[in-house]
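Comments concern the structure below.
Number of protein chains: 2
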Amino acid sequence: MKKLKLILQIAKNGAIGEKTRITLRELAKELGVSPQTVLRWLDELEKDGYIARTVEGKKTSIELTDKALKYLEELYEELSKVLYQGVIIGEVVSGLGEGAYYVKQYTPLIKEYLGFEPYPGTLNVKIIFPKTIFDALCNVKPILIPGFVKNGRTFGDVKAYRVKINGIEGAIVIPSRTIHPPKIAEIIAPVYLRKELNLKDGSRIKLKVIG
Amino acid sequence: MKKLKLILQIAKNGAIGEKTRITLRELAKELGVSPQTVLRWLDELEKDGYIARTVEGKKTSIELTDKALKYLEELYEELSKVLYQGVIIGEVVSGLGEGAYYVKQYTPLIKEYLGFEPYPGTLNVKIIFPKTIFDALCNVKPILIPGFVKNGRTFGDVKAYRVKINGIEGAIVIPSRTIHPPKIAEIIAPVYLRKELNLKDGSRIKLKVIG
DNA sequence: ATTACTAGAGGACGAGTAT
DNA sequence: TATACTCGTCCTCTAGTAA
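Those protein sequences? They're chains V and X, same order as listed. Using UniProt numbering, the letters of the first sequence correspond one by one to residues 1 to 211. Using UniProt numbering, the letters of the second sequence correspond one by one to residues 1 to 211.
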């Protein structure tokens with residue numbers, strides 16, 4: 001029996017916290033199996049205490065029990081633990097060359113807050129995993145590099161997250177005012193990463209967030 | 001084949017973003033099946049593009065592909081959608097009677113910010129689902145009821161979340177300085193919920209968060 | 001419409017053996 | 001150890017029938 005698939009489908013039909021009325025045929029269609037199979041599956045789920053079921057006329061009323069909700073929640077937690085442990089996978093891409101300019105402006109602050117003199121340039125990495133980079137960073141407290149004004153120009157706050165790239169310590173830097181997670185992460189490091197790690201456009205790299 | 005179980009187990013062995021070296025016997029033991037079955041399963045996963053595999057001496061090196069990571073992430077998202085749609089299930093419990101005192105102090109503000117005159121007392125609900133109430137509330141913006149000082153005593157900010165209980169509109173109130181999610185939610189409403197809904201200690205209720 | 005039984009087909013499993 | 005094959009068993013599904 002595909003327990004997860006079935007419970008999930010029942011949940012989608014609104015059986016959390018209240019009964020949902022549905023025919024076995026509908027469920028069968030949604031699941032791509034025969035009504036007989038659904039019946040057998042529901043019998044099993046009921047026997048194992050995952051659903052409460054009553055037949056009302058031609059339809060069946062189903063409600064997920066606490067056990068089923070706990071089951072889904074535990075899976076959710078397990079997935080979250082496995083997926084978001086601070087590993088980021090990405091692909092090296094070309095930047096616009098702006099990075100170097102900004103890194104130069106922030107250099108003294110980077111030294112102060114991160115403890116290394118950055119190579120004047122950023123490594124641009126297109127994020128492949130996780131879907132949104134914030135998922136990998138949400139459990140880590142960023143290092144806030146404060147903004148400043150120079151020659152009448154404003155440089156905003158920047159959030160830095162320490163990462164390791166093939167053993168080399170560096171940081172992901174994100175402007176603080178960014179709301180939507182960037183698809184491209186900008187990496188700074190004390191060395192020229194492209195040369196040091198022999199990276200080319202399209203090279204795949206793994207960033208390990210240091211929490 | 002139990003695809004999810006297998007992929008999850010491989011992920012647990014650290015196969016995200018890097019290869020993990022493991023013997024089939026170990027995997028088989030972890031999964032509670034025979035090594036033959038694991039071999040067959042891995043063949044399938046490889047054929048379907050979920051893993052990259054190379055045999056190194058006596059051990060096998062496995063790495064999850066992007067497809068597998070996407071598969072896990074999509075399941076994670078689906079679970080999150082199904083689980084945290086603003087439904088809260090709980091059980092009515094007895095409070096310490098403090099609620100009434102506080103509700104009286106905040107009454108003018110509750111009227112101003114929530115638009116109803118609260119019954120002088122709170123309904124205390126032990127949270128059964130979700131595990132932490134914040135999971136159900138994280139997608140909703142709270143209404144901030146500002147604190148005040150009265151007779152030399154400080155009353156702090158309170159966050160209020162509108163909810164519906166069996167059709168009656170009310171709100172969950174949580175002191176702003178609370179960090180850990182409370183196991184007991186305090187509900188205010190324009191009516192005496194216990195009487196109105198015929199609730200007793202142990203009664204099960206469903207709160208629908210209004211987002 | 002659900003439920004309850006059949007019968008038959010197909011699939012998955014584990015054991016054994018061999019490379 | 002992994003891999004590859006066979007074989008017999010058991011399980012699950014579907015379809016048909018009936019209440």
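Idealized CB from N, CA, C, for every residue including glycine.
Secondary structure of Y161/V (DSSP, three-state): strand. P182/X carries a coil assignment under DSSP once its states are collapsed to helix, strand and coil. Between V140/V and G211/V, the C-beta spacing is below 7 Å.
Residue environment: E98/V is assigned as exposed (fewer than 16 neighbouring CB atoms within 10 Å of its CB, all protein chains considered). Counted as a single uninterrupted DSSP element, the alpha helix (DSSP H) harbouring R25/V occupies residues 24 to 31. Burial state of E112/X is exposed, judged by a 10 Å Cβ sphere holding fewer than 16 other Cβ atoms. Take the alpha-carbon of I51/X and the one of K12/X: they are about 14 Å apart. Using a 10 angstroms sphere on the CB of N166/V, the tally of other CB atoms stays under 16, which defines it as exposed. E73/V sits in a helix when the DSSP states are folded into three classes.
Taking a contact as a CB-CB distance under 8 Å, the pair G90/X and I127/X counts as one, their CB atoms being some 5 Å apart. The stretch 81 to 89 of chain V and the stretch 23 to 30 of chain V do not touch, with fewer than three beta-carbon pairs separated by less than 8 Å. About 20 Å separates the beta carbons of V163/X and K200/X, which is beyond the 8 Å limit, so they are not a contact pair. According to DSSP, residue pairing for N139/V in a beta bridge does not occur. Relative to the Cα of G170/X, the nearest Cα in the group S94/X, H180/X, Y161/X belongs to Y161/X. In this structure, the straight-line span from the alpha carbon of R204/X to that of D66/V is close to 12 Å.
Shown here, L83/V sits in a helix according to DSSP, grouped into three states. With a cutoff of 7 Å on beta-carbon distance, E63/V and K131/V are scored as not near each other. DSSP, reduced to helix, strand and coil, places L4/X within a helical segment of the structure shown.
At a cut-off of 7 Å, the C-beta of G17/X has a neighbouring C-beta in chain V.
For the C-beta of L83/V, the chain X residues within less than 7 Å are, from N- to C-terminus, L72, E73, Y76. Residues of chain X with a Cβ closer than 9 Å to the Cβ of F129/V are, in chain order, I16, G17, D66, L69, K70, E73.
Rounded to whole angstroms, R53/V and E56/X show a C-alpha spacing of 52 Å.
Rounded to the nearest angstrom, the gap between the Cα atoms of I168/X and C138/X is 22 Å. Separation of I143/X and P175/X (C-alpha to C-alpha, rounded to the nearest whole angstrom) is 12 Å. By the Cβ neighbour-count rule, T122/X is buried, with 16 or more other Cβ atoms within 10 Å of its own.
By the neighbour-count criterion, in which 16 or more other beta carbons inside 10 Å mark a residue as buried, A136/V falls on the buried side. For the pair K195/V and K47/X, the Cα-to-Cα distance works out to about 36 Å. Note on geometry: alpha-carbon atoms of A28/X and R40/X lie some 11 Å from one another. Apart from the 5 residues on each side of it in sequence, Q9/V sits with its Cβ closer than 7 Å to the Cβ of L27, E30, L31 in its chain, given in chain order.
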